[in-house]
Amino acid sequence: MAAAASTVLVACGGDGSDPDASAEGPSDLDPAVERLAGRYAHFDVVAYESSDMKTLIISYGFTDLEADGDTLVATDSFCSSEHRSDQPIEVQLSDTATQAIRPVPTPVTLTVTDGRARLSRPETPTGIGVDLEDPAVDPLPTDPSDPRIADDDGDGKPGVTATISVSETLSGELYLARREIFSYVVDEREDGALVGSVTDRSEQLVVAASDDVFLTQSPWVQYGDLSKSPIVLIPVEPDWDCDRLMDERDRLFPPTPEVDW
334 MAAAASTVLV
344 ACGGDGSDPD
354 ASAEGPSDLD
364 PAVERLAGRY
374 AHFDVVAYES
384 SDMKTLIISY
394 GFTDLEADGD
404 TLVATDSFCS
414 SEHRSDQPIE
424 VQLSDTATQA
434 IRPVPTPVTL
444 TVTDGRARLS
454 RPETPTGIGV
464 DLEDPAVDPL
474 PTDPSDPRIA
484 DDDGDGKPGV
494 TATISVSETL
504 SGELYLARRE
514 IFSYVVDERE
524 DGALVGSVTD
534 RSEQLVVAAS
544 DDVFLTQSPW
554 VQYGDLSKSP
564 IVLIPVEPDW
574 DCDRLMDERD
584 RLFPPTPEVD
594 W
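Residue 431 in this note's numbering sits at position 98 of the sequence shown, with consecutive numbering throughout.
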């Protein structure tokens, strides 16, 4: 995800200075940066479609916004995730695997209109289950023996492991390498929450499977209606951890959605 620093448009004199700077004092963004800095409980949904299934991935974690001058830097981390689909299939990714997704901190674009802030987080491509020298451009490996495939969830199997259950007699494991590519735009609400939508261009490779029946490579594409891919950030205290977040999940966030399109 390319970093994009916060900017303010100002009228400048011929020498490049702001002719009204001394009279106006700090820019309108200064109080917004101070107000918004802190830890947020993070809930997001990404709706995907493939040729044979509609899927929701629901993620829980934290977004930390840190002030750096007039810029806010976002650090996203994850605790747990859920899967919903329109097929009688259950897929689970362990918390260990979910927590292995570690996007790099990135400045967000901040704008203020009528006293309310809008934050835009840019893409920062992040590998999981694979070590990419340049996560933005390096292609995902196609060979399960590729040395770049990484056991990021520490279970002794290639990539990160997702368990899949189709029926009482058919279940197994998928071993995945992914490039997480997401961005989001959120608007400040009166109660301090930040609410908006996620745009996702993530890529996934099934590296191997416990049963060849699961070795499919159907591409997932985000569903075009972004209202099905919401994000909600709720201010919480700095000492909150994943255990506290999941204990408070029902109080903080909307009910887990189902595929409804």
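Yeah, the Cβ is synthetic: ideal placement off N, Cα and C, and Gly gets one too.
Taking 8 Å as the cut-off, decide whether the C-beta atoms of residue i and residue j are in contact.
i: S516; j: P455; result: yes
i: T404; j: P440; result: yes
i: T459; j: S418; result: no
i: A365; j: L443; result: yes
i: A407; j: A370; result: no
i: V600; j: I564; result: Residue 600 lies beyond the residue range present for the chain, which begins at 334 and ends at 594; the question has no answer from this structure.
i: S560; j: S530; result: yes
i: D484; j: P477; result: no
i: V540; j: A510; result: yes
i: W573; j: A450; result: no
i: T500; j: E423; result: For the record, residue 500 in the displayed sequence is Ser; it is not Thr. No. Outside cutoff.
Please classify residue i as buried or exposed, where buried requires at least 16 other C-beta atoms within 10 Å of its C-beta.
i: D377; result: buried
i: Q537; result: buried
i: E521; result: buried
i: T549; result: exposed
i: L398; result: buried
i: S414; result: buried
i: D558; result: exposed
i: L503; result: exposed
i: T475; result: exposed
Residues in its own chain within less than 7 Å of residue i by CB, not counting five upstream and five downstream?
i: T429; result: D486, G487
i: Q420; result: M386
i: I434; result: F411, T459, I461, E513
i: A542; result: G505, E506, L507, Y508, L548
i: S384; result: S551
i: P359; result: Caution is warranted here: a pLDDT of 48 is assigned to P359, below 50, making its placement in the model unreliable, and no coordinate value can be reported.
i: T468; result: Going by the sequence as given, residue 468 is Pro instead of Thr. Excluding positions up to five away in sequence, the list reads P458, T459, G460, R512.
Ignore the nearest five residues each way along the sequence and tell me which others in residue i's own chain have a CB closer than 8 Å to its CB.
i: P588; result: none
i: P571; result: G371, R372
i: S562; result: D377, V378, V379, A380, S530, V531, T532, D533, Q555, Y556
Excluding the 5 residues preceding and the 5 following residue i in the sequence, name in chain order all residues of the same chain whose CB lies nearer than 6 Å to its CB.
i: Q425; result: T496
i: D544; result: G505
i: D471; result: L465
Taking 7 Å as the cut-off, does the CB of residue i come closer than this to any heavy atom belonging to the ligand MG?
i: V406; result: With respect to the ligand MG, the structure offers nothing, as it holds no ligand at all.
In chain order, each beta strand (DSSP E) run of at least 3 residues that lies wholly inside the region 368 to 402: 371 to 382, 387 to 401
At least 3 beta-carbon pairs within less than 8 Å: the region 390 to 405 vs the region 463 to 482: no
Stretch pair the region 549 to 561 + the region 579 to 588: three plus CB contacts closer than 8 Å: no
Uninterrupted alpha helix (DSSP H) stretches inside the region 400 to 455 (no shorter than 4 residues): 428 to 432
Ordered list of alpha helix (DSSP H) runs contained in the region 517 to 586, each at least 4 residues: 575 to 580, 582 to 585
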